[in-house]
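Note that numbering that gives the first Met the number 0 numbers the sequence shown so that position 279 is 278, with each residue one more than the last. All C-beta atoms in this analysis are idealised placements derived from N, C-alpha and C, irrespective of residue type, glycine included. This structure is a prediction, so every number in the text was calculated from the model and none was measured.
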Amino acid sequence: MKTDNRAWLITCNPRLYDVIGAFARFKKIEWKQNNNINKGDIVYIYVGSPIKCLKYKCRALKVNLDKTTINDSDFVLDGSNYKFCGRYMELLLLEEYDIPELDIKRLREHGLRTIQGPSRITDELKRYIQKIITKYYNVSCLDNSDIQKLRDEKYPKDYANPSNINTEQWQHLLKDPNVFRLSDIKLMKKFYLSDNHATTCSELAIHDGCSPSSYTTSIVALAKRVCVATGTEPLIDETGKKRWWRILFWGRYREDRHFEWKMRPELATAISALYPELNVNMAEKLEETELLSDLKQSSLKNMTLGFQHKGIPRKKQVAIYNNGCKVYKRDRQISINALAHAWYKCEVNGLHWTFIRKGSDKNYTEPHHLVPMSYSDMFEVSLDVEENIVSLCSNCHNQLHYGEGAELLLKKLYNEREKELENVGIHIGFSELLKMYGIK
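So, in structure tokens, the structure goes:
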């Protein structure tokens with residue numbers, strides 16, 4: 000007689016099955032069953048290269064099924080490994096992880112025997128997994144400012160000299176239009192919303208469609224104005240050159256050899272105080288950036304135009320914690336459907352200039368969740384539905400995030416989507432939507 004639930008580990012090859020996309024759409028999936036897994040057992044899913052980490056914790060709701068009932072064909076990338084398996088089990092997603100300490104190397108160090116097939120989890124490995132998850136979620140429960148302090152402490156200090164300008168001084172400088180011009184504020188917001196308040200000029204240039212050197216010119220001019228206003232001297236490196244950028248940033252060479260600028264903690268804290276709406280949008284922006292990067296790798300040649308909205312509410316996804324931020328994952332296919340619904344045109348104005356997406360025959364537009372995903376906890380249904388995603392040209396997309404006049408764009412988009420939002424269970428007034436964007 001079974002007295003308690005056992006724990007198992009199974010492996011997913013993401014080149015054969017898009018388990019991330021499947022769990023973004025479904026809370027339950029069906030899996031081929033090779034072992035005597037019992038109803039109620041815990042099943043952990045290790046996702047292979049390039050992720051190479053234990054990523055999901057599930058519970059077996061049904062076992063020994065002779066056929067599948069959930070249509071996940073959109074996520075089967077190689078059907079030869081998923082047909083006629085004999086037995087299937089139904090797995091309910093309980094938790095999703097993004098924890099480096101659950102990689103293959105450390106799992107093996109703590110008792111993992113194999114990832115070649117399903118296996119029972121040893122007591123040693125079970126204790127390690129629970130220890131890491133408990134540690135991670137305890138950290139994740141910290142205030143976002145505490146999380147950022149931990150990340151600042153761990154940042155390489157090769158190009159991170161102490162600052163002579165404190166947070167209060169930065170606030171005064173940010174309010175001074177003779178020091179921080181409007182274009183400077185917009186640029187600082189982009190850095191602030193980047194992961195760990197850090198990015199490269201190359202990444203900014205790709206997104207904005209300009210030269211990386213244009214940011215260097217702007218930053219040097221801004222740093223000089225800061226030095227004049229505060230009487231601060233620029234850092235002089237070992238070659239005798241003045242490094243103006245280090246007035247505003249720390250820096251490091253990333254693994255891809257691009258040089259990254261990370262906003263100084265004191266400046267980031269000042270921006271957080273003056274623009275509190277950015278804190279709400281940070282997790283949202285990180286996920287949106289990841290989605291845009293994912294879409295850039297997608298071929299849309301075979302996508303049909305004019306996708307039709309179904310008007311059916313979708314169940315809310317399981318939230319995960321990413322670098323201390325609670326986020327709801329986006330389904331790439333839903334975003335692609337939304338772009339196809341708009342015929343790959345900007346929904347602010349279909350005549351706005353765009354260009355042909357690389358490796359495709361479609362216009363380049365970007366998906367944007369009208370009701371931000373970061374407000375998912377306010378709704379009983381998923382916000383990641385085609386009805387809540389608009390297709391925008393890069394300029395309009397940036398204007399919504401950083402520019403003046405965003406209220407006019409939101410008004411047009413809201414008026415055109417209000418009824419469709421209600422059809423999928425998203426009930427929101429325009430004044431409430433404006434507050435979500437930090438517009439009073």
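Quick check on residue i: buried or exposed, where buried means 16 or more other Cβ atoms within 10 Å of its Cβ?
i, result
"HIS426", "exposed"
"ASN35", "exposed"
"PHE354", "exposed"
"CYS140", "At CYS140 the pLDDT is 43, less than 50, meaning the model places this residue with poor confidence; the figure from the coordinates comes in the next sentence. Exposed, because fewer than 16 other Cβ atoms sit within 10 Å of the Cβ of CYS140."
"TRP169", "buried"
"ASN387", "buried"
"CYS345", "buried"
"GLY20", "buried"
"ARG245", "buried"
"ARG331", "buried"
"MET262", "buried"
"LEU164", "The sequence given here places Ile at residue 164; Leu does not occur at that position. That one is buried."
"TRP249", "buried"
"ILE438", "exposed"
"VAL227", "exposed"
"LEU304", "exposed"
"LEU407", "exposed"
"HIS368", "buried"
"ARG450", "A query on residue 450 cannot be resolved here, the shown segment of the chain reaching from 0 to 439 and no further."
For residue i, which residues in the same chain have their Cβ closer than 6 Å to its Cβ, ignoring the five residues on either side in sequence?
i, result
"HIS400", "none"
"GLY424", "PRO312 and VAL380"
"ASP151", "PRO264"
"LYS240", "none"
"VAL219", "TRP243"
"ASP199", "Here the sequence assigns Thr to residue 199, which means Asp is not the residue at that position. Cβ within range, chain order: HIS257 and GLU259."
"LYS125", "ALA6"
Tell me, please, whether the CB atom of residue i is closer than 8 Å to any CB atom in chain D?
i, result
"ILE44", "As a matter of chain content, chain D is missing from the structure shown, which is built from one protein chain."
Who are the near neighbours of residue i in its chain, counting only those whose CB is closer than 7 Å to its CB and skipping five residues on each side?
i, result
"LEU432", "VAL370, LEU409 and TYR413"
"ASN336", "PHE306 and GLU385"
"ALA267", "TYR191 and HIS196"
"HIS390", "Per the sequence presented here, residue 390 reads as Ser, with His not at that position. If we look at SER390 and ignore the five residues flanking it on each side, its Cβ neighbours are ALA337, LEU338, ALA341, TYR343, LYS344, CYS345, GLU346, THR364 and PRO366."
"LYS411", "VAL347"
Write down the C-beta distance between residue i and residue j rounded to the nearest angstrom, noting that I regard them as a contact closer than 8 Å.
i, j, result
"ILE114", "TYR55", "Rounded, the Cβ-Cβ distance is 14 Å, inconsistent with contact."
"MET88", "TRP30", "6 Å"
"ALA222", "LEU247", "6 Å"
"GLY310", "ASN160", "No, GLY310 and ASN160 are not in contact; Cβ-Cβ is about 57 Å, not under 8 Å."
"GLU123", "GLY110", "4 Å"
"PRO176", "ARG251", "Not confirmed; about 32 Å, so no contact."
"CYS57", "VAL42", "5 Å"
"LEU350", "LEU273", "That pair is no contact at about 36 Å."
Just the Cα atoms here: how many angstroms apart are residue i and residue j?
i, j, result
"ILE205", "ASN397", "13 Å"
"GLN32", "ASP360", "41 Å"
"ASP17", "ALA23", "10 Å"
"ASP207", "PRO49", "28 Å"
"ARG242", "LEU149", "26 Å"
"GLN129", "LEU53", "12 Å"
"GLY323", "SER373", "Its pLDDT being 46, under 50, GLY323 is placed unreliably in this model, and the coordinates cannot settle the point."
"LYS104", "LYS153", "22 Å"
"LYS66", "SER271", "53 Å"
"SER430", "ILE131", "42 Å"
"CYS11", "GLY47", "6 Å"
"VAL138", "ILE98", "Because the pLDDT of VAL138 is 49, which lies under 50, any placement of that residue in the model is unreliable, and the number read from its coordinates should be weighed accordingly. One C-alpha to the other measures close to 12 Å."
"LEU209", "GLU202", "Per the sequence shown, residue 209 should be read as Cys rather than Leu. Distance between the alpha carbons of CYS209 and GLU202: 10 Å."
"ASP142", "TYR96", "Low per-residue confidence applies at ASP142: pLDDT is 47, beneath 50, and the placement is therefore not dependable enough to give any value."
"ASP194", "ASP40", "37 Å"
"TRP352", "LEU234", "43 Å"
"ILE333", "ASP73", "11 Å"
"ALA405", "THR133", "41 Å"
"ARG356", "CYS392", "12 Å"
"VAL317", "ASP102", "22 Å"
"THR216", "SER375", "39 Å"
"ASP157", "ASP236", "12 Å"
"ASP383", "LEU420", "11 Å"
"ARG14", "ASP77", "8 Å"
"LYS328", "TYR127", "26 Å"
"ASP255", "GLU167", "35 Å"
"GLU403", "PHE378", "28 Å"
By DSSP's criteria, residue i is part of a beta bridge. Which residues make up the other side?
i, result
"ARG251", "GLU259"
"ASP383", "DSSP, once it has assigned bridges, lists no residue as partnering ASP383."
"ARG368", "According to the sequence provided, residue 368 is His. The question's Arg does not apply to it. In the DSSP output, where bridge partners are listed per residue, HIS368 has ILE388."
"VAL42", "TRP7 and CYS57"
"LEU90", "ILE28 and ALA59"
"ALA405", "DSSP lists no partner for ALA405."
"THR198", "TRP260"
"LYS241", "ILE235"
Give a single yes or no on whether residue i has its beta carbon closer than 7 Å to a heavy atom of the ligand NAP.
i, result
"ASP183", "The ligand NAP is not part of this structure, which contains no ligands at all."
Given residue i, which residues of its chain have a CB within under 8 Å of its CB, disregarding the five upstream and five downstream residues?
i, result
"LYS27", "LEU60, ILE69, GLU89, LEU90, LEU91 and LEU92"
"LYS314", "LYS26, VAL380 and SER381"
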